[in-house]
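Working notes for the structure below.
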Amino acid sequence: MKHLLCLCPVFLLTLEPILAEKPFFENRVQLLEAKNLGLAENKVPIYHGRKLIHGQRHEAIEGHFRLGTRRNYPLLFADLVANGRLQLTYAKRNGRSGRLGTSVATSPAYRTTQTLDLLPDINRVTVYAKGIREDYRSKITASFPGAASIALEHGIEGLQVGRTRFKLETRFTTVADIALARGEEVVANDRFRVLTLSSMFADNERFDANQIRYEALGGAVATLNLRNSTTRDQRLFPRALPVGSWIELVKGRGSSWNPDGPTIRVEIKNPGGLQLGIQGFLAASTDPNFDSLAVWLEWIDAPDTIPSGTELDLEFEAVATPPL
2 MKHLLCLCPV FLLTLEPILA EKPFFENRVQ LLEAKNLGLA ENKVPIYHGR
52 KLIHGQRHEA IEGHFRLGTR RNYPLLFADL VANGRLQLTY AKRNGRSGRL
102 GTSVATSPAY RTTQTLDLLP DINRVTVYAK GIREDYRSKI TASFPGAASI
152 ALEHGIEGLQ VGRTRFKLET RFTTVADIAL ARGEEVVAND RFRVLTLSSM
202 FADNERFDAN QIRYEALGGA VATLNLRNST TRDQRLFPRA LPVGSWIELV
252 KGRGSSWNPD GPTIRVEIKN PGGLQLGIQG FLAASTDPNF DSLAVWLEWI
302 DAPDTIPSGT ELDLEFEAVA TPPL
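With the numbering used here applied, the sequence shown covers 2 to 325.
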């Protein structure tokens, strides 16, 4: 279990492979590779066809796909199964793809009186891929030991030039009572994060996201622009704001850092009966290698204590498109 005392989940992700591996699955339109990328988390067992991939543990699965008549297989996703995150990008018409940027942390995270339990322990990963078409799904079994079990599923929903869609399913089951923090500054604001977008905003010229957009209740679209003048080391909204059906981290034009990185939208398909709001945090760091920006869906009406045996089932769709 990962315990953090800070308000914002901040990680340095190095997406350069340490060891090249042969694909463990390929057909005429896709190629899947198990990778070790130098993540902070431990490597985990990943199975495909009931066999441990390459007979060893890994941190991630990278998916390369051929779209249209081009012969090359551009990278469209990195499923960072060692920590439950997912990075998506989009295919270009020239047969290449945009660089990776914003990631989606699909596991819930919660704050007690002691810590922010941010990332669960990953126990096992099973990958499903077969046939001659685009086909990928990962099932991640994880836990906050002694508190909750978690099942995460990431799977391709649709691929086309300029748009990559993944279905995300989450089941969070408590195995003991979980007493959440009760401080006024966190209640209905930052004590149970259902899903988190992790990104980077260093300054006006270096960013993976420089705009936060979301659908408010009632259907209106609201926007928060990030600038050099944006206050750092504090939450982005006075309180978590109720949302409608989606939130989005926009990659605008003008960034010298990964200029073709994706805009990432999360569509809420099934909130599991929870009232959800949007909240965020911008850390002080202006190092572009540092994930300084976190935006999350907050369970606004979470009880002070989540009883043992509670089961939350949620469904989302993550969509990667070119910069706006």
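All C-beta atoms in this analysis are idealised placements derived from N, C-alpha and C, irrespective of residue type, glycine included.
- Residue range F193 to S200 is occupied by the beta strand (DSSP E) that includes T197.
- In the three-state scheme derived from DSSP, where H, G and I count as helix and E and B as strand, I179 is classed as strand.
- Counted as a single uninterrupted DSSP element, the stretch harbouring R228 is not any beta strand (DSSP E), since DSSP gives it neither H nor E.
- Remark: C-beta atoms of V162 and A92 approach each other more closely than 8 angstroms.
- With fewer than 16 other CB atoms across the displayed protein chains lying within 10 angstroms of its CB, G147 is exposed.
- Taking the Cα positions, L119 is about 16 angstroms away from S200.
- The Cβ neighbour count for A319, taken over all protein chains shown within 10 Å, is at least 16; the residue is labelled buried.
- With respect to the C-alpha of H59, the residue from A35, F78, R72 and L275 having the closest C-alpha is A35.
- Taking every protein chain shown into account, the CB of V195 has 16 or more other CB atoms within 10 angstroms, so this residue is buried.
- Taking every protein chain shown into account, the CB of I269 has 16 or more other CB atoms within 10 angstroms, so this residue is buried.
- I279 and T107 have their alpha carbons spaced roughly 15 angstroms apart.
- Secondary structure of I133 (DSSP, three-state): coil.
- Excluding its 5 nearest sequence neighbours in each direction, G69 has no C-beta neighbour in its own chain below 6 angstroms.
- Below 8 angstroms, too few C-beta pairs join the segment 243-259 and the segment 171-189 to call them touching: fewer than three.
- Per DSSP, the continuous beta strand (DSSP E) segment holding A79 begins and ends at L76 to L81.
- A direct Cα-Cα distance of roughly 8 angstroms separates N95 from R71.
- Per the C-alpha coordinates, the member of S230, E216, L250 and D209 positioned closest to D292 is D209.
- Looking at the backbone, the Cα of A180 and that of E154 are separated by about 27 angstroms.
- Distance from L32 to H65 at the Cβ level is roughly 4 angstroms; contact confirmed, criterion being Cβ atoms closer than 8 angstroms.
- For S104, same chain residues with a beta-carbon under 6 angstroms away, outside a window of 5 residues either side, are R86, Q88 and S199 in chain order.
- For the 8 angstroms CB-CB criterion, G245 and E216 form a contact.
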